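Have a look at the structure below before the remarks.
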Amino acid sequence: MRRDVKRVAVLGGGITGLSAAFYLKRLSKERGTDVEVTVLEASGRLGGMVNTLRKEDFVIERGPDSFLGRKLPMLRLARELDLLDELVGTNPQATKTYMAADGRLQPMPKGMNLGIPNELGTFARNSLVSPHGKLRALDELRLPPKKDDADESVGAFLERRLGREMVERIGEPLLAGIHAGNLYKLSLKAAFPQFAEMERKYGSVIKGMMEARRLAPAAGAKAAEARSAAVGGAPVPPTAFLTFRRGLSTLIEALEERLRAEGCDIRLGSEVAAIRRAASEAAAEPSAPAYRLELSGGETLEADAVLLTLPAYVSEKLLAPHVDVSALAAIDYASVANVVFAYDAEGFNHKLDGSGFLVPHGQGFTITASTWTSSKWGHTAPAGKRLIRCYVGHADDSSAVELSDEELTAAVSRDLSKLMGLNAKPLFVEITRLRRSMPQFPVGHVEQIAALRKKLAERLPGVYATGASFEGVGLPDCVGMAKEAAERILGG
Numbered sequence: 001m002r003r004d005v006k007r008v009a010v011l012g013g014g015i016t017g018l019s020a021a022f023y024l025k026r027l028s029k030e031r032g033t034d035v036e037v038t039v040l041e042a043s044g045r046l047g048g049m050v051n052t053l054r055k056e057d058f059v060i061e062r063g064p065d066s067f068l069g070r071k072l073p074m075l076r077l078a079r080e081l082d083l084l085d086e087l088v089g090t091n092p093q094a095t096k097t098y099m100a101a102d103g104r105l106q107p108m109p110k111g112m113n114l115g116i117p118n119e120l121g122t123f124a125r126n127s128l129v130s131p132h133g134k135l136r137a138l139d140e141l142r143l144p145p146k147k148d149d150a151d152e153s154v155g156a157f158l159e160r161r162l163g164r165e166m167v168e169r170i171g172e173p174l175l176a177g178i179h180a181g182n183l184y185k186l187s188l189k190a191a192f193p194q195f196a197e198m199e200r201k202y203g204s205v206i207k208g209m210m211e212a213r214r215l216a217p218a219a220g221a222k223a224a225e226a227r228s229a230a231v232g233g234a235p236v237p238p239t240a241f242l243t244f245r246r247g248l249s250t251l252i253e254a255l256e257e258r259l260r261a262e263g264c265d266i267r268l269g270s271e272v273a274a275i276r277r278a279a280s281e282a283a284a285e286p287s288a289p290a291y292r293l294e295l296s297g298g299e300t301l302e303a304d305a306v307l308l309t310l311p312a313y314v315s316e317k318l319l320a321p322h323v324d325v326s327a328l329a330a331i332d333y334a335s336v337a338n339v340v341f342a343y344d345a346e347g348f349n350h351k352l353d354g355s356g357f358l359v360p361h362g363q364g365f366t367i368t369a370s371t372w373t374s375s376k377w378g379h380t381a382p383a384g385k386r387l388i389r390c391y392v393g394h395a396d397d398s399s400a401v402e403l404s405d406e407e408l409t410a411a412v413s414r415d416l417s418k419l420m421g422l423n424a425k426p427l428f429v430e431i432t433r434l435r436r437s438m439p440q441f442p443v444g445h446v447e448q449i450a451a452l453r454k455k456l457a458e459r460l461p462g463v464y465a466t467g468a469s470f471e472g473v474g475l476p477d478c479v480g481m482a483k484e485a486a487e488r489i490l491g492g
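Mapping of the sequence shown onto UniProt numbering: position 401 corresponds to residue 401, and the numbering continues sequentially without gaps.
What follows is the structure in structure tokens.
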């Protein structure tokens, strides 16, 4: 029988890998055991998708810009890293969101939650959906629920329940943007399991959303209590989305500092080329390692346990010699780009009276969405300046991502001029291309990943895989998965 885990190799230095390393060290200390943790990051920097640029007193996110405050793993981690005082919320005045329709921006209609009607009178006045489309959507109240529990795509579910027009005009720009994906290829169980649960429980997703709205005050009070407990009663901005005053990289920097102080070995530029069973595994030596990692530079590293927190297409290559990796091969990735414009307030000809806008596919624009960053997040631009971030690329068409900087800047500028009437000259433009960065969970993903993990436990005991490719792309999801993985590795 193998000895207790003492040497753990964490593959990937993004938020999942660093959080896992943090919890491995913390939990082992609580249990009075010792664990040696090595983080291997192939690139020259930590953070993965989290990447804050601090330039000329602007705080610019080149990856995600915030996290959901109701998801507690991130708040618990911020508390443990003494970062609660750094949390900031969204501008309470920037509540309005727009949708591009017929070549112009229209206010996002109310009476919906996640694109599902929850207040029928208000929904009836929706200007983005035709009278026929609204009647079809309201037919959902009398449609029978699906009889089986089989997974389906988000698009198929919404079209089946609410009709095609609701998918195209509301659901696609609102929901697909989270994954930069195609709703007709995206797994319902993996991406929006609450919709299927509402259909099962209430027979109607609209009834489910209406009930959730009715129970919102009580649910909100319960959530606030849980959030207070998560942060030890410390004051936290009450907004739905949160970030840190100096950007999300604040968390990465704090994790790195804590891990290095606790003796964690963090190696940049260390790409793992292969995972091998250690030659001495069959020996009776209690100290024999289970695995030997071969690095691309020729070095090797021995470990008792290995945690992969890598993109699916990287983990697939490492695990393919050992187990069936069809679950990972089935995950496509979308490429996107962020184009950030910084402006001087003088000569800036838009009031930025909201948080930004969404653009449905097929409207002829390069932009898929835009955040009016300095309006939504007051800390991101110095006084007298403005900041706008635009998103480009999605699962069905990432061609714009590969335009030259000049072409991409010109295309996005044209869209801003057409949709916002904005013609101010920017102080500077920052472009970040995130190739193969957005995992697309296929139909059947939940079951396929569960089967993969079962195979790993059988064929490669002590090897684990987790991260955004598995159970959720949000930062709190990644932190929560990291802690669960640490607990599994330590046997708790």
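Glycine included, each C-beta is placed from N, C-alpha and C at the ideal position.
Computed from a prediction, not measured in an experiment: that's the story for all the values here.
| query | result |
| --- | --- |
| Would you say the beta carbon of T243 is closer than 7 angstroms to some non-hydrogen atom of the ligand FAD? | In the structure shown, the ligand FAD is absent, as is every other ligand, since no ligand is present at all. |
| I'd like the span of the beta strand (DSSP E) that includes Y98, first residue to last. | 97-101 |
| Can you tell which of A451, A224, E140 has the C-alpha that lies nearest to the C-alpha of E199? | E140 |
| Grouping DSSP H, G and I as helix and E and B as strand, with all else coil, what is S413? | helix |
| Can you name the residues that DSSP bridges to A385? | Looking at the sequence shown, residue 385 is not Ala but Lys. Partner(s): D344. |
| If you drop the 5 nearest sequence neighbours on each side, which residues of the same chain put their C-beta closer than 6 angstroms to that of S326? | none |
| Would a C-beta distance cut-off of 8 angstroms place L53 and G13 closer than the cut-off? | no |
| Helix, strand or coil: how does DSSP classify D397 here? | strand |
| Within 8 angstroms (strictly less), CB to CB, does M74 reach chain C? | Looking at the structure shown, chain C is missing, and only one protein chain is on hand. |
| Look at the alpha carbon of L246 and the alpha carbon of G44, and state the distance between them as a whole number of angstroms. | A small fix is needed here, since residue 246 is Arg in this sequence, not Leu. Each residue's alpha carbon lies about 21 angstroms from the other. |
| Can the beta-carbon of A303 be found closer than 8 angstroms to that of A9? | yes |
| Do V392 and T368 have their C-beta atoms within less than 8 angstroms of each other? | yes |
| By the three-class DSSP mapping on this structure, what secondary structure does Y391 have? | strand |
| Could you spell out the range, first to last residue, of the alpha helix (DSSP H) harbouring F22? | 15-30 |
| With distance defined between alpha-carbon atoms, name the residue in L434, S437, V412, I266 nearest to P426. | V412 |
| Just to check my reading of the structure: P476 and L68 have Cβ atoms closer than 8 angstroms, yes? What is that Cβ distance to the nearest angstrom? | 6 angstroms |
| Using 8 angstroms as the threshold, is the C-beta distance between F58 and A381 below it? | yes |
| Report the three-state DSSP secondary structure of L68 (helix, strand or coil). | strand |
| Just to confirm, are S437 and V336 a CB contact at a threshold of 8 angstroms? | yes |
| Taking the beta strand (DSSP E) that D265 falls in, what are its first and last residues? | 265-268 |
| Give me the Cβ distance between L75 and A230, rounded to the nearest whole Å; I'm assuming they're in contact under 8 angstroms. | 5 angstroms |
| Identify, in the order they occur along the chain, each residue of the same chain with its Cβ nearer than 7 angstroms to the Cβ of residue 503, setting aside the five sequence neighbours on each side. | Nothing about residue 503 can be read from this structure; the chain reaches only from 1 to 492. |
| Identify, in the order they occur along the chain, each residue of the same chain with its Cβ nearer than 6 angstroms to the Cβ of E119, setting aside the five sequence neighbours on each side. | G111 |
| Out of A240, K185, H322, E487, which one is the CA nearest neighbour of G155? | K185 |
| Who are the near neighbours of F241 in its chain, counting only those whose CB is closer than 8 angstroms to its CB and skipping five residues on each side? | S66, F67, L68, G69, G89, T90 |
| How should L490 be labelled, buried or exposed, when 16 other C-beta atoms within 10 angstroms of its C-beta is the threshold for buried? | buried |
| With a CB to CB cut of under 8 angstroms and the five nearest residues on each side skipped, what residues in its chain are close to T95? | G354, S355 |
| If distances are taken between C-alpha atoms only, which option among E458, Q363, G472 comes closest to M99? | Q363 |
| In three-state DSSP terms, what is F157? | helix |
| Out of R267, T309, K317, point me to the one whose CA is closest to G297's CA. | R267 |
| Can you grab the Cα-Cα spacing for the pair E165 / I388, in whole Å? | 30 angstroms |
| Where does E294 sit, in a helix, a strand or coil, going by DSSP? | strand |
| Have a look at T409 and K147 and give me their C-alpha separation to the nearest angstrom. | 49 angstroms |
| Short check: CB of C264 to CB of A20, under 8 angstroms? | no |
| Give me the Cα-Cα distance between A282 and R459, rounded to the nearest whole angstrom. | Because A282 sits at a pLDDT of 48, beneath the cut-off of 50, its placement in the model cannot be relied upon, and the following sentence gives the value as read from the coordinates. Approximately 15 angstroms, taken between the alpha carbons. |
| Of all the options T466, S228, F348, which has the alpha carbon lying nearest to the alpha carbon of L328? | T466 |
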